[in-house]
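Peer 1: Note that the working numbering has the sequence shown beginning at -14, numbered continuously upward.
A virtual CB, placed ideally from N, CA and C, is assigned to each residue, including glycine.
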Amino acid sequence: MSFITNLWKQPKITRPVRSLRPKKNAITDDYVLSKTVLGVGVNGKVLACTSKKTGEKHALKVLRDVPKARREVDLHWRACVSDYIVDIVDVYENSFGGQKCLLVVMECMEGGELFTRIQEHSEHPFTEREAASVARQICAALSHLHHLNLAHRDLKPENLLYKSKARDSVLKLTDFGFAKEVTSKMQTPCYTPYYVAPEVLGPEKYDKSCDMWSLGVILYILLCGYPPFYSASGAAISPGMKRRIRLGQYTYPDAEWKSVSSEVKQMISGLLRTDPAERLSMEQVLCHAWITGQGVVHPQEPLMSARVLAEESHMWEETQEEMAHALATMRVDTDKVTRVKEMDTIANPMLERRRKKQNVDAKTPAGSVGSPV
Ligand code: I85
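(1) Return yes when at least one heavy atom of the ligand I85 lies under 8 Å from the C-beta of T160, else no.
(2) Report the residue from K141, H310, Q269 whose alpha carbon sits nearest the alpha carbon of L204.
(3) Pairs of beta-carbons, one from the segment 175 to 187 and one from the segment 141 to 152, closer than 8 Å: are there three or more?
(4) Within 10 Å of its beta-carbon, does E108 have 16 or more other beta-carbons around it, so buried, or fewer, so exposed?
(5) Counting Cβ pairs, one atom from each stretch, are 3 or more of them under 8 Å apart for the segment 206 to 217 and the segment 229 to 249?
(6) Output the boundary residues of the beta strand (DSSP E) element that contains R49.
(7) When you measure from the CB of L99 to every non-hydrogen atom of the ligand I85, does any distance come out below 8 Å?
(8) How many angstroms separate the CA atom of K342 from the CA atom of Y179?
(9) Which residue's Cα is closest to the Cα of K85: Y77, E92, L60?
(10) Would you report the Cα separation of L88 and V155, rounded to the nearest angstrom?
(11) Taking C-beta to C-beta, are V345 and L288 nearer than 9 Å?
(12) Looking at the unbroken alpha helix (DSSP H) that takes in F81, where does it start and where does it end?
(13) DSSP state of E268, grouped into three classes?
(14) Looking at the structure shown, is P238 part of a helix, part of a strand, or coil, going by DSSP?
(15) Answer yes or no: the CB of T236 versus the heavy atoms of the ligand NAD, is any distance below 8 Å?
(16) Looking only at its own chain, which residues have a Cβ that is under 7 Å from the Cβ of P238, when we skip the five neighbours before and after it?
(17) In terms of residue numbering, what span does the beta strand (DSSP E) encompassing Y16 cover?
(18) Between the C-alpha atoms of H273 and P284, what's the straight-line distance to the nearest angstrom?
(19) Less than 8 Å separating the Cβ of E95 from some heavy atom of the ligand I85?
(20) Where does H299 land, buried or exposed, given buried means 16+ other C-beta within 10 angstroms?
(21) I need the straight-line Cα distance from I331 to R340, nearest angstrom please.
(22) Mind checking whether the beta-carbon of M289 lies closer than 8 Å to any heavy atom of the ligand I85?
(23) Span of the alpha helix (DSSP H) holding L294?
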């Protein structure tokens, strides 16, 4: 790859632009709001509502109209062109008792959360092949986001919802309350790359790798039913657990992992690397044999996850708390981290040419002069 194309690595994506203009009329003109609370998100609660025109059921997220909420809606709107991200149907800007609100009408996901469904998996066993299918859908959502240079930064089980109760229902990602645009100065160079100082390129950003770590944790739970890191005391997070996360200390206990393929263990280990620079990227995961399915025979033996999740359901709330806490810590860390890419790893076609030339020179008979570098 040439030196120049290296700097313009991020592809430009052309797609139809749907501009987001919140409707100003009262939402109650178009929808009947229900008092049923479906859940509570980072920035607001989610209610059920019904379209007056179609009679269709929808989910409605109510946000206080502040800049953070505008950002959430804007990023979610840009992202939801993917089939694996919960779709936004309408956005309203209404006032309630002098309080300005953003009302986000979404398609209704009626199948519930990912792990609730696996817990209830009873009519047929949950196998590694099915785990791979779940993983591919999460990867489809994430790769779409990362391609748009967006990091979700709150990838956790509660934000992965099934469209319906049907066995072949699609799984989608939601809640963009912590999402962030990963702007790269690389995309709009206004300097001659040969002379650019490292600090001009800005710090390397690790927001996307935060999503990759979350993916590793979710896959681990998917395959065995319990998280890779947990506190022995039962508290949501303990000093011991923090230490184990920082040092990357986790194991694959035989009782649940013996018949699990080595490919997926190896992939999870690549996702749970403590150094974000070494962690697998979305591109690498998409090429991984366990995801592509090439040359991997996914064991058809039932996984232990459905049983463990059902038997240890009292632990689930804690597991969710632990993950939320770890994600919060990671968001703080990636916001601070500054690291400059080592220049000597950048491919340089000019040097390459010179090295090739030297090899040729070295082979030519005496009299020719090789230039020392
Ligand atoms: N449908 N994290 C956990 C929900 N359809 N849910 C959460 N942040 C969001 C709730 C708390 C996710 O942005 C959330 C958000 C958006 C939704 C959402 C979007 C679309 C749903 C916070 C349901 C649901 C589940 C079962 C049954 C039914 C709906 O939550 C229904 F009543 F329709 F049958």
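Peer 2: Looking at the coordinates:
(1) Counting from 1 along the sequence shown, the entry for residue 160 is found at position 175. In the sequence as presented, Thr is not what sits at residue 160; that position holds Asp. Yes.
(2) Stepping through the sequence shown from its first residue, residue 204 is reached at position 219. Taking L204 as reference, the option from K141, H310, Q269 with the minimal CA-CA separation is K141.
(3) No, the segment 175 to 187 is not in contact with the segment 141 to 152.
(4) Position 123 of the sequence shown, counted from the first residue, corresponds to residue 108. Classification for E108: exposed.
(5) yes
(6) Residue 49 sits at position 64 when you count from the first residue of the sequence shown. Counting along the chain, the beta strand (DSSP E) containing R49 begins and ends at 42 to 49.
(7) Reading the sequence shown from its first residue, position 114 is the one you call residue 99. Flag unset: Cβ of L99 not near the ligand I85.
(8) Sequence index remark: in the sequence shown, residue 342 carries index 357 (1-based). Sequence index remark: in the sequence shown, residue 179 carries index 194 (1-based). When rounded, the distance between both Cα atoms is 22 Å.
(9) In the sequence shown, the residue the question calls residue 85 occupies position 100. Per the Cα distances, Y77.
(10) By one-based count along the sequence shown, residue 88 stands at place 103. By one-based count along the sequence shown, residue 155 stands at place 170. Spanning the two alpha carbons is a distance of roughly 25 Å.
(11) Within the sequence shown, the letter at position 360 stands for residue 345. Within the sequence shown, the letter at position 303 stands for residue 288. No. Outside cutoff.
(12) Position 96 of the sequence shown, counting from 1, holds the residue named residue 81. It is not in any alpha helix (DSSP H) - F81 instead sits in the beta strand (DSSP E) that spans 73 to 81.
(13) In the sequence shown, residue 268 corresponds to position 283, counting from 1. Here E268 sits in helix by DSSP.
(14) To locate residue 238, count along the sequence shown from 1; it is residue 253. If DSSP states are grouped into helix, strand and coil, P238 belongs with coil.
(15) Inclusion of the ligand NAD in the displayed structure is not the case, the ligand content consisting of the ligand I85 alone.
(16) Position 253 of the sequence shown, counted from the start, is the residue given in the question as residue 238. So the list is empty, once near-sequence residues are dropped.
(17) What you label residue 16 is simply residue 31 of the sequence shown in a count that begins at 1. 16 to 25 is the extent of the beta strand (DSSP E) around Y16.
(18) If you number the sequence shown from 1, residue 273 lands on position 288. If you number the sequence shown from 1, residue 284 lands on position 299. Taking the straight line joining both Cα atoms gives about 17 Å.
(19) To locate residue 95, count along the sequence shown from 1; it is residue 110. Answer for E95: yes, Cβ within range of the ligand I85.
(20) Position 314 of the sequence shown, counted from the first residue, corresponds to residue 299. Flag for H299 reads exposed.
(21) In the sequence shown, counting from the first residue as 1, residue 331 sits at position 346. In the sequence shown, counting from the first residue as 1, residue 340 sits at position 355. Bear in mind that a pLDDT of 48 at I331, under 50, signals an unreliable position, so the number given afterwards is only what the model happens to contain. Roughly 15 Å between the two C-alpha positions.
(22) By one-based count along the sequence shown, residue 289 stands at place 304. Flag unset: Cβ of M289 not near the ligand I85.
(23) Counted from its first residue, the sequence shown places residue 294 at position 309. Unbroken alpha helix (DSSP H) run through L294: 290 to 296.
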